[in-house]
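Peer 1:
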DNA sequence: CCCTCAAATACAAAGGTTTGCATAAACACA
DNA sequence: TGTGTTTATGCAAACCTTTGTATTTGAGGG
């Protein structure tokens with residue numbers, strides 16, 4: 364790799380010192396207008412670029428943000444989290460000259476803590492933690508090291524959430540809207556297919572469901588709240604094996620789109636029509652929701668809003684070293700009515 | 364941010380010089396076994412990590428690979444490229460201690476050439492260019508700067524492709540398989556919905572289609588090769604407006620899954636059944652293909668293979684500074700038979 | 001006991017920037 | 001003309017490693 368042109372080279376060419384060049388290129392007011400212009404012209408002509416490493420070494424800024432996803436995704440999570448979140452985030456950050464390093468919480472084998480890896484190596488200026496089951500002690504670690512970070516999309520079971528910066532979706536509200544919609548369509552016996560993962564966001568969706576029943580003076584029947592893995596197959600198998608249960612309900616609230624898909628296919632296998640025999644409301648609103656048959660009625664998570672708010676706050680922390688009170692935003696999901704719920708449109 | 368512990372600190376604690384510490388931590392044979400162990404123990408106890416910037420400055424390696432995607436994706440491309448390619452790539456590279464910076468070819472406004480940005484700033488050690496319409500002069504630029512890179516997924520119109528390292532999908536073969544399958548099912552009048560973008564890969568898919576017809580002694584009818592934007596809507600509208608054409612064909616080869624989806628919905632709107640009245644073979648094999656109705660018969664692109672081969676080669680170039688002859692692999696797509704083609708399974 | 005040689009360690013420069021402080025030049029004012 | 005101020009520039013240290021070369025130490029051979 365050929366030797367690159369440095370500030371010293373420019374200095375020689377412009378007959379000034381390296382420090383003046385540095386100031387000139389950084390638009391410092393300490394350097395005379397005329398000199399600045401000359402320096403910048405020469406730099407441009409010679410295709411000069413700062414050496415990022417040298418710069419980082421002294422400024423202690425890398426210009427890189429780490430985007431941390433949870434454990435390895437299954438395909439469904441891929442399409443939900445990666446697809447939609449990442450681009451918006453990248454755009455936002457790029458506008459402020461930050462690059463984005465994407466990682467999971469740990470490496471493939473789970474032996475490396477990528478968060479500490481990034482921070483210890485001084486590889487990043489800040490972090491965006493997407494729905495990641497970060498250990499409490501990792502959060503503490505980040506605070507100790509003064510690393511700015513925001514939590515995105517879904518709250519976890521942290522002891523001291525008030526101290527953190529976050530943008531979460533109001534999943535309780537999401538569950539509420541889903542159930543309430545089905546009730547408003549006349550359903551009184553609604554199965555809640557809860558995603559079987561010890562995450563706050565899923566208990567919240569269920570809490571919302573319960574609340575909606577109660578607000579409508581319906582009995583909450585624990586037998587109608589079932590746990591199921593968040594995959595197509597698990598959901599399909601569950602419903603297929605629960606023919607009896609299906610006779611007792613007229614509607615299903617599935618806690619992800621993919622679970623809804625599995626359920627719907629299973630119902631059809633049982634000779635039941637969706638939404639005629641059983642109505643279904645899903646959750647997440649993946650991009651293909653409108654292409655399935657029936658088209659999925661589902662709860663939309665405002666992903667772009669998550670990204671924009673989160674990035675804004677992170678950027679603010681990055682350049683003010685801000686000790687402002689933390690930003691904590693709960694954003695509202697909403698229902699998209701298509702076909703699977705059986706509502707007239 | 365608190366001051367971090369450095370090699371000098373460790374040196375003091377271990378009563379040796381900084382250079383010995385450096386060598387010790389890097390497992391150099393120049394340092395005595397006993398000293399090495401002592402140094403590493405102390406480093407571990409004090410939570411030492413190398414400062415990446417300082418290290419990069421002198422070694423001229425950043426430990427970062429740039430993953431470059433084309434222009435901003437539409438939603439469909441997202442789910443195809445990001446979802447599946449990125450994770451495999453990330454895993455492969457992470458295993459060799461590389462981090463991944465993800466970027467588009469240019470920034471949001473198209474004003475910044477991100478490739479040059481990364482290279483000039485010495486931010487990356489190498490690049491993976493996914494199906495990116497890189498300008499010829501950018502490739503030249505990379506060669507001039509001795510930056511290792513691989514081209515992935517789809518060939519573009521480059522003048523000197525023999526010089527590059529690449530892993531492409533054999534899209535001509537893909538088109539051939541699609542058409543040939545339909546022919547083998549008895550279809551003789553097959554519409555080829557070609558994606559309207561001046562990219563090599565789509566002309567190739569069409570070439571394969573033509574070749575299949577010829578090999579089966581069928582006339583290639585240019586009227587049955589139509590251009591269409593690669594979106595659901597464009598495809599839907601096109602078919603809806605071409606009722607006449609639909610009477611002349613019994614099958615469609617759609618060059619992406621999303622185009623197939625649009626076509627199928629349009630056909631159903633026209634009262635035509637898929638695959639009974641019109642058979643459809645799609646292309647790409649997105650993860651949700653099996654959840655649509657009918658389930659999509661489609662050409663699968665072996666994405667993981669792309670990622671693995673590409674990364675392997677890149678890593679090889681990175682640590683050997685290899686001037687080996689370039690690696691050029693054409694990998695074979697294959698047909699996945701589901702429902703939309705109407706074949707017995 | 002001296003010399004040579006190998007092994008282990010230390011020294012110092014280099015990598016490319018930024019930045020506090022010193023210096024020089026220019027100017028104003030008395 | 002001298003003093004004081006402002007403005008523009010230069011000097012040199014610092015950031016933290018790596019690495020070529022020099023130095024020290026100790027062992028072994030004569």
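Chains as they are written, first to last, in our numbering: chain A, 364 to 708; chain B, 364 to 708.
Where a beta carbon is used, it is the ideal one built from N, C-alpha and C, also for glycine.
(1) Please state whether the Cβ-Cβ distance between residue 505 of chain A and residue 482 of chain A is less than 8 angstroms.
(2) Would you check if the distance between the CB atom of residue 553 of chain B and the CB atom of residue 488 of chain B is smaller than 8 angstroms?
(3) Could you tell me the distance, in whole angstroms, from the CA atom of residue 442 of chain B to the CA atom of residue 649 of chain B?
(4) By Cβ distance below 8 angstroms, which residues in the same chain neighbour residue 545 of chain B in space, the five residues on each side in sequence not counted?
(5) For the alpha helix (DSSP H) that contains residue 512 of chain A, what are its first and last residues?
(6) Just to confirm the assignment: which complete alpha helix (DSSP H) runs, minimum length 4, are found wholly within the segment 592-652 of chain B?
(7) What residues match up with residue 489 of chain A in a beta bridge as DSSP calls it?
(8) In the structure shown, what three-state DSSP assignment does residue 579 of chain B receive?
(9) Just checking: is the beta-carbon of residue 579 of chain A within a distance shorter than 8 angstroms of some beta-carbon in chain B?
(10) Could you check if residue 395 of chain A is buried or exposed, using at least 16 other CB atoms within 10 Å of its CB as the buried criterion?
(11) Helix or strand or just coil, what does DSSP make of residue 369 of chain A?
(12) Based on the DSSP output, what are the partners of residue 589 of chain A in its beta bridges?
(13) Considering only the beta carbon of each residue, do residue 460 of chain A and residue 670 of chain A sit closer than 8 angstroms?
(14) Since residue 673 of chain A contacts residue 465 of chain A with CB under 8 angstroms, what's their CB separation in whole angstroms?
(15) I believe residue 618 of chain B touches residue 666 of chain B by the beta-carbon criterion, under 8 angstroms. Please report the beta-carbon distance rounded to the nearest angstrom.
(16) Since residue 404 of chain A is in the alpha helix (DSSP H), which residue starts that stretch and which ends it?
(17) Grab me the residues of residue 730 of chain B's own chain with a C-beta within less than 8 angstroms of its C-beta, minus the 5 sequence neighbours each way, in chain order.
(18) Is it true that the CB of residue 558 of chain A sits closer than 8 angstroms to the CB of residue 595 of chain A?
(19) Take the Cβ of residue 539 of chain B as the centre, count every other Cβ of all protein chains shown within 10 Å, and call the residue buried at 16 or more, exposed below.
(20) For residue 423 of chain B, write down the residues that DSSP places opposite it in a beta bridge.
(21) Closer than 8 angstroms by C-beta to residue 571 of chain A: which residues in its own chain qualify, once you throw out the five before and the five after it? Chain order, please.
(22) When you compare only the Cα positions, how much space is there between residue 389 of chain B and residue 378 of chain B?
(23) Among B:414, B:400, B:521, which residue has its Cα nearest to the Cα of residue 408 of chain B?
(24) Throw me the rounded Cβ distance for the residue 486 of chain A and residue 415 of chain B pair, which I believe falls under 8 angstroms.
(25) Would you say residue 656 of chain A lies against chain B (beta-carbon separation less than 8 angstroms)?
(26) How is residue 496 of chain B classed by DSSP in three states: helix, strand or coil?
(27) Between which two residues does the beta strand (DSSP E) harbouring residue 462 of chain B extend?
(28) Determine, using beta carbons only, whether residue 406 of chain B and residue 373 of chain B come nearer to each other than 8 angstroms.
(29) What residues of chain A sit near residue 686 of chain B, judged by a beta carbon separation below 9 angstroms?
(30) For residue 374 of chain B, go through chain A and note every residue whose CB falls closer than 7 angstroms to its CB, in chain order.
(31) Residue 661 of chain A bridges to which residues according to DSSP?
(32) Against residue 420 of chain A, what residues of chain B qualify as contacts under a CB-to-CB distance less than 8 angstroms, listed in chain order?
(33) Pop quiz: residue 495 of chain B and residue 433 of chain B are said to be a contact at Cβ under 8 angstroms. What is the actual Cβ separation, rounded to whole angstroms?
(34) Would you decide whether residue 697 of chain A is buried or exposed? Buried here means 16 or more other CB atoms lie within 10 Å of its CB.
Peer 2: Inspection of the coordinates gives the following:
(1) Looking up residue 505 of chain A in the first chain gives position 142. Looking up residue 482 of chain A in the first chain gives position 119. Cβ distance < 8 angstroms, so residue 505 of chain A and residue 482 of chain A count as in contact.
(2) On the second chain, position 190 is the one that residue 553 of chain B refers to. On the second chain, position 125 is the one that residue 488 of chain B refers to. Cβ distance not < 8 angstroms, so residue 553 of chain B and residue 488 of chain B don't count as in contact.
(3) Residue 442 of chain B sits at position 79 when you count from the first residue of the second chain. Residue 649 of chain B sits at position 286 when you count from the first residue of the second chain. Roughly 7 angstroms separates the two Cα atoms.
(4) If you number the second chain from 1, residue 545 of chain B lands on position 182. Excluding residues within five positions, the ones whose Cβ falls inside 8 angstroms are 553, 614, 616, 642, 644, 704.
(5) Residue numbering aside, residue 512 of chain A sits at position 149 when the first chain is read from its first letter. Note, residue 512 of chain A: premise wrong, no alpha helix (DSSP H); beta strand (DSSP E) at 512-516.
(6) Complete alpha helix (DSSP H) runs here, min 4: 595-604, 606-611, 620-632.
(7) Position 126 of the first chain, counted from the first residue, corresponds to residue 489 of chain A. DSSP, once it has assigned bridges, lists A:428 as partnering residue 489 of chain A.
(8) Position 216 of the second chain holds residue 579 of chain B. For residue 579 of chain B, the three-state secondary structure derived from DSSP is coil.
(9) Position 216 of the first chain holds residue 579 of chain A. So, not an interface residue.
(10) In the first chain, the residue the question calls residue 395 of chain A occupies position 32. Answer is exposed; the Cβ neighbour count stays below 16.
(11) As a first step, residue 369 of chain A is located in the first chain; it is residue number 6 there, counting from the start. In the three-state DSSP reduction, residue 369 of chain A falls in the coil class, being neither helix nor strand.
(12) Your numbering for residue 589 of chain A matches position 226 in the first chain. Under the DSSP definition of a beta bridge, residue 589 of chain A partners with A:556.
(13) Here the question's residue 460 of chain A lines up with position 97 in the first chain. Here the question's residue 670 of chain A lines up with position 307 in the first chain. Not in contact: residue 460 of chain A and residue 670 of chain A (Cβ atoms no closer than 8 angstroms).
(14) In the first chain, counting from the first residue as 1, residue 673 of chain A sits at position 310. In the first chain, counting from the first residue as 1, residue 465 of chain A sits at position 102. Not a contact, Cβ separation roughly 15 angstroms.
(15) In the second chain, counting from the first residue as 1, residue 618 of chain B sits at position 255. In the second chain, counting from the first residue as 1, residue 666 of chain B sits at position 303. About 17 angstroms separates the beta carbon of residue 618 of chain B from that of residue 666 of chain B, a gap too long to meet the 8 angstroms contact definition.
(16) What you label residue 404 of chain A is simply residue 41 of the first chain in a count that begins at 1. DSSP places residue 404 of chain A in the uninterrupted alpha helix (DSSP H) bounded by 396-408.
(17) Outside the shown range of chain B (364 to 708) lies residue 730 of chain B, about which nothing can therefore be said.
(18) The residue given as residue 595 of chain A occupies position 232 in the first chain. The residue given as residue 558 of chain A occupies position 195 in the first chain. By the CB criterion at 8 angstroms, residue 595 of chain A and residue 558 of chain A fall outside the cutoff.
(19) On the second chain, residue 539 of chain B is found 176 positions in, with the first residue counted as 1. Residue 539 of chain B comes out buried.
(20) Along the second chain, read from residue 1 onward, the residue named residue 423 of chain B stands at position 60. Partner(s): none; residue 423 of chain B has no beta bridge.
(21) Counting from one through the first chain, the residue named residue 571 of chain A turns up at place 208. Once the five neighbours on either side are set aside, the close Cβ partners of residue 571 of chain A are 534, 535, 536, 537, 538, 539, 540, 541, 542.
(22) Your numbering for residue 389 of chain B matches position 26 in the second chain. Your numbering for residue 378 of chain B matches position 15 in the second chain. The straight-line gap from Cα to Cα measures roughly 18 angstroms.
(23) Numbered from its first residue, the second chain carries residue 408 of chain B at position 45. Between residue 408 of chain B and the set B:414, B:400, B:521, the nearest pair of CA atoms involves B:400.
(24) The residue labelled residue 486 of chain A in the question sits at position 123 within the first chain. The residue labelled residue 415 of chain B in the question sits at position 52 within the second chain. Their Cβ separation, rounded to whole angstroms, is 5 angstroms, which keeps residue 486 of chain A and residue 415 of chain B in contact under 8 angstroms.
(25) By one-based count along the first chain, residue 656 of chain A stands at place 293. Yes, residue 656 of chain A counts as interfacial toward chain B.
(26) One-based indexing of the second chain puts residue 496 of chain B at position 133. Correct three-state label for residue 496 of chain B: coil.
(27) Numbered from 1 along the second chain, position 99 holds the residue referred to as residue 462 of chain B. For residue 462 of chain B, the enclosing beta strand (DSSP E) has its first and last residue at 462-467.
(28) Sequence index remark: in the second chain, residue 406 of chain B carries index 43 (1-based). Sequence index remark: in the second chain, residue 373 of chain B carries index 10 (1-based). At a Cβ-Cβ threshold of 8 angstroms, residue 406 of chain B and residue 373 of chain B count as neighbours.
(29) Taking the first residue of the second chain as position 1, residue 686 of chain B is located at position 323. Counting only Cβ-Cβ distances below 9 angstroms, residue 686 of chain B has no contacts in chain A at all, with the closest Cβ about 13 angstroms away.
(30) By 1-based counting over the second chain, the position of residue 374 of chain B is 11. Chain A residues near residue 374 of chain B: none, gap ~19 angstroms exceeds 7 angstroms.
(31) Taking the first chain and counting its residues from 1, one reaches residue 661 of chain A at position 298. Paired residue(s): A:645, A:699.
(32) For the purposes of this step, residue 420 of chain A is identified with residue 57 of the first chain, where counting begins at 1. Neighbours of residue 420 of chain A on chain B, chain order: 414, 416, 417, 420.
(33) Counting from 1 along the second chain, the entry for residue 495 of chain B is found at position 132. Counting from 1 along the second chain, the entry for residue 433 of chain B is found at position 70. Confirmed, Cβ separation roughly 5 angstroms.
(34) What you label residue 697 of chain A is simply residue 334 of the first chain in a count that begins at 1. By the 10 Å Cβ count, residue 697 of chain A comes out exposed.
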